[in-house]
Every structure is written in C-alpha cells, then in structure tokens.
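Chains as they are written, first to last, in this note's numbering: chain S, 49 to 325; chain G, 49 to 325; chain C, 49 to 325; chain W, 49 to 325.
Here you go:
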C-alpha cells in the first residue's frame, strides 16, 4: 500500500543524514556516532575496574550523562525523521537504540543501598551499545546469506554435539566420580563441552585410566567433527558467491526504511515510494 | 516377499499416530513424547546433584516411575501397532526405547547395600533416553550422507593421528620422564592426544627444553592436520548437495517401518506394501 | 632394464603370501602380523608402567623375545622372497621392519648398570613397530595425493606461523618478563606456539594488561588463520577427487616391489616383469 | 614515466646478484643471507636465557657486531644497486633491513644503568630480522591472493567475534564477579577471547552454574563459527587456483624493484624499463 501524503522536505533531508551514508553530512553523522559508541563502551569497561571507578567517580558520572543525552537525541531524531516510526521502533536497531539510553534513566529513579547490585547490573548492560555498531558491518553481504542457509544444519549439528556431551558427561561422572572433580552430571556435561570444543581449561581433568580413555575418545571426536560445520558453511558460501553480484547501494527508503536496494534503484522495492536522489 | 494378510484398521491408525508426523494426532504424540524425554533427562541430571537428591528424594522417585510407565506403554504400543514387530524391536530405536525403561525395573529387584553403586550406575544410564530424541533429528538429510561417504577416510585419518600420538607419547616419556608428569607411556599418549587435538588441559605439561620442542612440533602438527577431516567432509558435502533433492516425506511403512520414501511414493520401496494415505 | 633370470616358483608363492593380500594365505598372513604388531605395541606400553613392570618382569621378557624372533623371521622371509632385496631393504618399510628387531638384540650385548637408561630408551623405541601397521593404511588413496599437492603451501604456512611466533614471543618476553613466567625468548616462543595453535596449557599465562592484549591478538590470529591450511587441503582434495578413479589392485611386483598397478595390469609398470596372476 | 639515463653495468650486475635468484651468484647470495639471518635470530634467543648470557657475554657481543656489520653492508649495497633508492628504502623490506641494524648502533651511544632495559628492548627488536626471511617465501603465490580477497570479510568476522566477546565478557563479569576471577570487564573480555578461540588457559574459569552455562554457550559458539573464516578462505582459494597459472619469474626490475613479472616479460610492467636478461 502506497502512502500518498508528501513527506516534508526537512524530514527527507534529516532522513538522508541519519539513515544513509552517501552524502558528506550523512557520512559525518555516521562517523561521529561510531566514535561516541566506542567511547561509551570504553567507559563502561574502565568503570568496571575498581581503582578507576573510585578515582574518577565524577568524571564517569558526567561522561555517562552526556552520552545518554546524545543517544536520546539521536533516538528521537530517528523516530521523527522516518515516515512510519513503528517500522523503526520495533526493528532490531530501534530496540537496541532504546535500550542504550534506558538503563541510565532507570538508575535515576531506583535508589537505595539494597538495590546496588541491580543498578550495577543495569549500568553494565550499557555495554550492549556495542550492538549499535553492527549497523556499520555490511548486513547485505553474502556471508550472512551463507550463514542463514546453513543455520538449520548447524543447529542440528550443535544439537547432536549436545547429545554426545550429555551421554559422555554421564559416563564420566560414573567413571571418575567426585574424587576427579566430576561431582554431578551437569558439571560433567560442562566438562564435556569444554573438552569436545577443544577449549580444555584444565580446572577439571580426569585422573583414572578409564576416564582418560573416554576423555581421549571425546577429544578425538571433537577434533574430527569440527569438520562438519566447516563443510556446511564452506559449501553454502561457495554457492552464495558463485551466483550473485554484491549490492553497493547504501540508500534506505525514507518511508519504510527498507535497505538492500539495487544499485540503480529509484523507488523502494518494498513500498514503492521514491528513494532520495 | 509380500505379506498378504490385511492389517486391521486400528493398527494402521495407531501406526500413523505413533510412527508418523503428518497428521495432527501424530504431531501431538511426537511433541508430547519429546517433552517427556527432556523432562526425564533433566531429572536424571538434577538427581546427580547430592543436595537436590537428598532434599527431593520422594519427588524424584515418583517422577521416575511415572516416566518409566509412560515409556513402557509407548514401547508396547510401538510393538503391537507394527505388522512385523521384530523389525522394530531389533532396530536402533527399538533397543533404545527398551533400554529407557529396563534400568528402573531392574532397580526394583536388585537391592541390598552392597549393590548400591551398581543400581546407581543403572539409574544413571537412563540418560541414554536422550537418544530417543534422535528420532526427531532429520535422519534423511545430506549431512549424514556426506559423513557416511567420508567415514572410511576419516577413520584412516584418526588412525594415523593415533599412530602419531603413540610414537610422540613414547618420545615424550623418554625425554620428560616421571619428573615432568609423564610417568608411563599410556599417560604420555593421553597427553599427546590432549595436545594434538588442541584441547590442552595443562594438568600435564612439558618442562624440559627438548620436551617443549617436541610438544611444539606436536601442536603445530595438530594445528595443520585438522585441515584433513575438514577437507574430506567439505568435499563430500559439496558433492552431496550439488546432485540430489531432499526428501520431505515423513511416512513410515506400516509393515516393515522403512522410511525415506519418495515424496510421491504410494507403496513401500522395501517390502511393497501400501503406505498410509 | 629387464631381469631375464626366471624366478623360482616357491619364491613367487612366498612373495604372494607375504607382500600381497588377494589370496586367502596372503590375507591370513597380513591379519596375523597385524595382531602381533598390536600385541607388541601394547606390551611396550604396559612395560612402561612401573607396577606392571616389577610384577610381570619375566612375562614381559619372554613375550619380548618371542615377538622379536617372529619379526626377525618375517624380515628374513621378506628379504629372500623378493628378487631385488635392496629395493625392500632400503625402502621405508624395510628400515622400519629392521628397526623393530634391532633394539632387543642390542640390549643383549650392551649391559651394565650405568647404561640402564640407554637400554631403556632403546627398548622403548620398539614402539616404532606401530609404523609397520601403516602398510595396511591404503597408501594409494587420494588423501595422500591431496596432502602431497598441498605440502609446499602448508610448509610455507607453517613457516609463516613460526615467524609470527618468534616475533610475538619476543614481544611477550619484553612485556611480561620473568614475573609472568616468560623467563626467556625460547620459552616465550613455546608459549606463543601453545597459544596460536589454540592448545593453551595454562602453565604459563600473561598477567599484565598489555601482555593480555597481545595474547588476545595472538589467539584471534590463530583462530583466524587456521582457515588457511584448511582452505588449501580442501581445495586440493576437491580437485583430486573430481578427476581420477581409485585403484583397487593390491598386487606388488615380485621383482621391484612396486605397487599401485592399474586394476587390469599384467606387467609391472616400473620394471616390466610379469605380475603374479 | 620512463627514466632514460642508462644504468651502469656494475649496478645492473649487483642488482641481479642481490635482488634476484635466477643466477648462481644470486642464489648463493640469498642462501648465505638466509643462514646469517637464522644465526642472528638464534643468537637473540639464546642471549635472552640468563645463564647463557652471563657465561658467553663476550661471544655474544662479538657475534652481534659481526652480524650488524654484515647487515649494514647488505643495506648499503641494496641502496646503491637500485636506480630509485627511495622505492627500496620506504618499502616493507627496506624498513625491515634498516631496523635490523639500527638497534645495535643506538646501543653504542645510549648508555647508563637506567637505560639498560630500553637498550635491551631495542636489541630484542633485532628478532624482526626474521622478517628478512619473508623475502624468500614466494610472495607471488595464490595463497596471498586468496587471503587478500578474503581480507575484508575476515575483518568483518573478527569484528563480530570481538562484539560477541565484549557482550559475553560483561555478562560473565556480572554473573561470576570477583570471586570467580572475573574482576573487571577488560579481564572478562580477555577470558572470553581465550574461550571463544578455544585456547582455554584455565587461569580464570567460571565456578557458578550460571557462569558455566554461559561459558558453554561461548565455547559452542566458538566451535561453530570457526567454520566462517574457513569457508571464506576455502572458497576464495578455490576460485584463485581454478583460473590462473602460477608465475615463476623471480626477476625484479632494476629501476623500481617491482616483482611479479610474467614468465616471458622483457620490460617491467610498472615502469617500462628493461629487465635483466
């Protein structure tokens, strides 16, 4: 369905600056936002180091509010510059953008010593702002396509891995028992996952000959079956890259925010509205 | 050979519900069973945690018997609804289904304090019920085909890996000796498997310069030859996916239980009997 | 050059039994030898466990001599049954077969308490008998071909890995220093190999922030570049499997011991002599 | 633009010996240099072991100066034998060659006990001499091409990995807290990188059930997504090897030092000057 009310010019202009990257202003907006995101993530990280937090408490507090206000303004601009705000608000990026500002505001109203942990948790969740950056990782590439095509098979594979881990974990619990650190089945399954994925922390390790024999089998299995997801992705990716040409158009429709338009597209393939020149 | 005695209608109906998934009743049966399997596996896991076991002893006991009775009824229904029960009883799933119920019954008759461990072991083996779930992981897919085709080569590869581990393990035992934790050859071979598969627990680690040099060679070998199974599976999988179309038919023959029928099949390709509509 | 002296019939017969596997006698010989090899390797392993060695000293001693005599007889038969013994004696298998018996004989003549370790080392080297088994791992398959084709590139890759490890190891030694366990450059390089190959023992681990940053880079590099050998082998293997048919002929030329004859070959492609029927 | 001044004959000759490897003299020069590089790297390594350094102080000192002088002479010859020295001086190899000699000379002028560490660091940087060796690892091969083509995608992938690590690290810090060793977010992110890349040192490991659950998810993710770079490189490498023939020409232009000329090239494809016969 086509929306016939003409969009005001300032909205079109704002949309171009905020959502697209093919004008100097749009590019500047993107780069500036990127830098602010990185700064905000760095701040969350540094804040978690006790010595920095105690020393620079006020600096962190002020910087946090400045960033929150910038992100709030950005969110409001994004909502008003688009013709159908709901398309943005309930999209992945809309939710991420909202969640980037909310925790700081909630921290204002929720106080009291007892709730310290909850606030701390909320403040740390600001790290999810890093997801705002995914906007800049080309989403229309073939990698995503290959991953989408192989998703079902990889889930089946990971499920098979989980079944192996559950059975092997139970066997290890039976064979090694609490002396070897395999105190209960969930813990033994955790150990199996650590071993099968070839991570191998070594905090828990078998000590009996039979346990070590089973562990060897698990390790060799893990070493061998890593070939399966690799085979799937490689095959799908080869297929994906042999057919289609990449799309370089970075325009987003000012009405429905649809991207992935053909390079020479003049109208949105989703809602039929005119794209910005 | 064709079996000419007509199958009673209720048997056909029951077979459709239990063995197939393309009617609402069949789908409901499958989903319900899936949930019970997951609950039973979760119970076995939680039971292994001492604090939960002591606290909820009776709850575990009752839940275990309810699940065992459900699985027993399922097993009997599966046996009577199929025309040639032996085809089911001696199949992989027939054995798994039987083993899912037996341990609890044996626990009834075998008692006494001395046998506690044996019973405990038996009870834990109920975890194999997770294998009942494999029924729902599409078995007719190309992944299995690729794995089957590459099985022989991967076994040769794993055998070569084992030979490398045996020789390298003996060398490490010679070079490091008991001081480094390489007390005997089987233990050193275990360490080599841990290292070659890039797991690396760290409970045993070389301390002499020569031992570390050999360890470096083992690690680089392991890092390099992981390419071999990957190459095999990728190549076989690419071949498997480039030729054939997937089969979506979930029907199972009511006489011999054969699956993998073509989408438009009306008769079983194995025994020639009519498939359910 | 063709050797025109006719080979005696018993030699041809013996050659067929010992070197080939397509007659019942030849198959029996191969399986029997395989079992003896496995037993001898198991004995070397068990002997290295102190408690077993002390308890069953005489049993090990007797079994060792029986196996050594069997292998000596096998070696002599192999030498006399072939027309050009040098082709066998200086081949990979000829040397392995000889080394499988020598250590026990040397142990006879070299005695004295001071030489205990040397003898022990010699005795342990009998583990190389496991290499006798490689005869049974199909050598003419495409896997070897793919590995041979990608050998040069994988060596270049491993060399690049080594250069990365040398430079990163030096940096880690500079940054972490002796406190973190990075006492000297060779040790730091060893740690880098452990890390880059994703083994990660954890006996040495960085403790300074900068050291951990560099370690993160090394790990991510190692995680990323494992794709390189995999890509090479997969590509070569795909090419190797798409062109040629496998050779199933197990015959070996009675004169020069060349294998890999075409399925319908009647004469050796290497020396022109007649193959056994 | 073509440079018309004729190059003196001795310069052409010297260029051929130093920069190319297709004459006996050029090959000898290359091999000799390779050996000296390896010796110098071995010296830097051994020097870092305290016991060797104290014992063989003067031997190290003398050897170091001999090597530095050889490398200085090589550097000067390289500069004068090429027509446009800047092309060499500011190239990767030009900088590496300079850095191989500078640290020793600086060590002469900068003295005093306080600066010992800085000098030592500079001296250690001599390890970068190993990079001089990269000249001999065929640079014109397809591997590099495949890596170059997949560079952009692998960077996107590693960036995605980093985002996962930042988010997962923050969650682990929240869940495990300082008791489990997850003292602050940067440390937790470091642990996530260690885990996701399947290295798994084990110096930090989760101890709470929830922490272990998240850790399991991270490990399985890491085990699954290693397929992505592998798929990319394999696909690109397959493409690279299926089209082009390898270039075997080792000639380098005497004017601009460009390599990668076609096998039958007579003039440099970069500056148009005549190549050595």
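Glycine is no exception: its CB is placed at the ideal position from the N, C-alpha and C atoms.
From a predicted model like this one, the values you see are computed outputs, not experimental measurements.
Relative to residue 218/W, the option among 71/S, 73/S, 92/S whose CA is nearest is 92/S. At least 9 Å separates the CB of residue 241/C from every CB of chain W. Between residue 149/G and residue 245/C, the CB-CB gap reaches or exceeds 9 Å. A check of alpha carbon separations from residue 199/G across 279/G, 71/G, 260/G identifies 279/G as the nearest. For residue 74/G, the enclosing alpha helix (DSSP H) begins and ends at 72-95. Only residues of its own chain outside the window of five on either side were considered, and among them 240, 266 have a CB closer than 6 Å to the CB of residue 216/W, listed in chain order. Around the beta carbon of residue 70/C, a 10 Å sphere encloses fewer than 16 other beta carbons of the protein chains shown; the residue is thus reported as exposed. Contact between residue 178/W and residue 85/W holds: CB atoms are separated by about 7 Å, below the 8 Å threshold. Think of a sphere of 8 Å around the beta carbon of residue 206/G: the chain S residues whose beta carbon falls inside it are 268, 272, in chain order. By the Cβ-count criterion, residue 101/G is exposed, with fewer than 16 other Cβ atoms from all chains shown falling within 10 Å of its own Cβ. Per the Cβ contact rule, the region 248-259 of chain G is not in contact with the region 111-125 of chain C (fewer than 3 Cβ pairs under 8 Å).
Among the residues facing chain S, residue 194/W is not included, as its CB has no counterpart in that chain under 9 Å away. Taking 7 Å as the Cβ-Cβ cut-off, the region 84-111 of chain W has no residue approaching chain S. The beta carbon of residue 256/S sits no closer than 9 Å to any beta carbon of chain G.
Contact between residue 271/S and residue 211/G is absent: CB atoms are separated by about 15 Å, not below the 8 Å threshold. With respect to the 9 Å criterion, residue 137/S and residue 67/S are not classified as neighbours on the basis of their beta carbons. Among the CB atoms of chain C, one or more fall inside 9 Å of the CB of residue 247/S.
By alpha-carbon distance to residue 228/S, the top candidate from 207/S, 208/S, 251/S, 206/S is 251/S. Between residue 63/W and chain S, the shortest Cβ-Cβ separation is not below 9 Å.
Assignment of residue 194/S by DSSP, reduced to helix, strand and coil, places it in the helix class. With a threshold of 16 other beta carbon atoms within 10 Å, residue 89/S meets it and is buried. In the DSSP assignment, residue 269/S falls within the unbroken alpha helix (DSSP H) covering 257-273. When the alpha-carbon of residue 224/G is set against those of 153/G, 253/G, 284/G, the nearest one is in 253/G.
Against chain C, the CB of residue 218/G has a partner CB under 9 Å away; the residue lies at that interface. Residue 284/G counts as buried, since no fewer than 16 other beta carbons sit within 10 angstroms of its beta carbon. The C-alpha of residue 62/C lies about 22 Å from the C-alpha of residue 114/C. In the three-state DSSP reduction, residue 203/G falls in the helix class (H, G or I). With its beta carbon less than 9 Å from one in chain S, residue 286/G belongs to the interface. Against chain G, a Cβ distance below 7 Å from residue 250/W picks out 250. Only residues of its own chain outside the window of five on either side were considered, and among them 81, 85, 141, 144, 145, 148 have a CB closer than 8 Å to the CB of residue 180/W, listed in chain order. Judged by beta-carbon spacing, residue 104/C lies beyond the 9 Å limit of residue 261/G, meaning their Cβ atoms are not closer than that value. In this structure residue 196/C is exposed. Its beta-carbon is surrounded by fewer than 16 other beta-carbon atoms within 10 angstroms.
Interface flag for residue 278/S against chain C is set, since a Cβ pair is found closer than 9 Å. Sorting 73/G, 74/G, 282/G, 249/G by C-alpha distance to the C-alpha of residue 193/G places 282/G at the top.
Of 236/S, 276/S, 249/S, the smallest CA-CA separation from residue 204/S is found for 276/S. The three-state secondary structure of residue 138/W, taken from DSSP, is coil.
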